[in-house]
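The structure appears right after this line, and notes come after that.
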Amino acid sequence: MSSSDTHQTSRTSTNDETTRWTLAETFIRFCGPLPTGDYLLVVIDEYSRYPEVEIPKSTSAKATIPKFDKILSTHGIPIEIKTDNGPPFNSQEFKEFLEELGFSHRKITPLWPKANAEAERFMRTLSKAIITAHTEQLNWK
Numbered sequence: 001m002s003s004s005d006t007h008q009t010s011r012t013s014t015n016d017e018t019t020r021w022t023l024a025e026t027f028i029r030f031c032g033p034l035p036t037g038d039y040l041l042v043v044i045d046e047y048s049r050y051p052e053v054e055i056p057k058s059t060s061a062k063a064t065i066p067k068f069d070k071i072l073s074t075h076g077i078p079i080e081i082k083t084d085n086g087p088p089f090n091s092q093e094f095k096e097f098l099e100e101l102g103f104s105h106r107k108i109t110p111l112w113p114k115a116n117a118e119a120e121r122f123m124r125t126l127s128k129a130i131i132t133a134h135t136e137q138l139n140w141k
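Start counting the sequence shown at 1; every next residue gets the next number (full-length UniProt numbering).
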């Protein structure tokens with residue numbers, strides 16, 4: 001079986017509780033504050049580069065975990081997530097959530113975009129689109 005066959009197999013969707021996102025790594029990052037005062041929780045699968053975006057009420061772990069859990073319920077549980085060292089990702093509550101679901105957490109180096117390049121690039125594109133929509137008085141949601 002070639003490596004591309006392996007990737008295709010791992011991307012197959014099932015209703016099994018242990019379904020995993022493609023390969024191992026998923027990036028999580030906040031975007032904001034936006035001109036409207038909102039923040040966006042962005043989750044990106046490293047292999048497929050597929051993004052999911054949620055709008056939490058705040059950047060606290062208490063608000064982040066249900067939004068992240070919603071994304072995981074749709075796509076399955078990744079083997080590893082990468083985050084910056086932001087407060088919601090360093091909280092005890094988030095750590096317990098990760099342990100409960102059974103995946104590892106890798107904290108990337110702050111202020112070093114290469115460590116989280118996929119997420120950083122998507123953030124730039126997303127921010128431009130939202131700022132443009134806000135400037136033109138369009139609903140960006």
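Note that beta-carbon positions come from the ideal geometry of N, C-alpha and C, so glycine has one too. Everything numeric in this text was worked out from a predicted model, so none of it was measured.
Count the other C-beta atoms from every protein chain shown that fall within 10 angstroms of the C-beta of residue i, then say buried if there are 16 or more, exposed otherwise.
| i | result |
| --- | --- |
| residue 82 | buried |
| residue 138 | exposed |
| residue 29 | buried |
| residue 74 | exposed |
| residue 79 | exposed |
| residue 119 | buried |
Smallest Cα separation from residue i: which of the options?
| i | options | result |
| --- | --- | --- |
| residue 57 | 88, 78 and 122 | 88 |
| residue 45 | 77, 136, 33 and 86 | 77 |
| residue 84 | 92, 68, 119 and 107 | 107 |
| residue 125 | 109, 36, 27 and 31 | 31 |
| residue 60 | 110, 38 and 115 | 38 |
| residue 101 | 128, 69, 132 and 53 | 69 |
| residue 47 | 62, 95, 112 and 116 | 116 |
Just the Cα atoms here: how many angstroms apart are residue i and residue j?
| i | j | result |
| --- | --- | --- |
| residue 71 | residue 55 | 12 Å |
| residue 93 | residue 86 | 13 Å |
| residue 51 | residue 109 | 21 Å |
| residue 41 | residue 67 | 8 Å |
May I ask you to report which of helix, strand or coil DSSP gives residue i?
| i | result |
| --- | --- |
| residue 9 | Because residue 9 sits at a pLDDT of 33, beneath the cut-off of 50, its placement in the model cannot be relied upon, and the following sentence gives the value as read from the coordinates. Residue 9 falls in the helix class under three-state DSSP. |
| residue 41 | strand |
| residue 104 | strand |
| residue 79 | coil |
Using 8 Å for Cβ pairs, my map puts residue i next to residue j. What's the rounded Cβ distance?
| i | j | result |
| --- | --- | --- |
| residue 26 | residue 43 | 6 Å |
| residue 35 | residue 134 | 4 Å |
Strictly under 8 Å for the Cβ-Cβ distance: is residue i near chain D by that measure?
| i | result |
| --- | --- |
| residue 53 | Going by chain labels, chain D is absent from the structure shown, which holds only one protein chain. |
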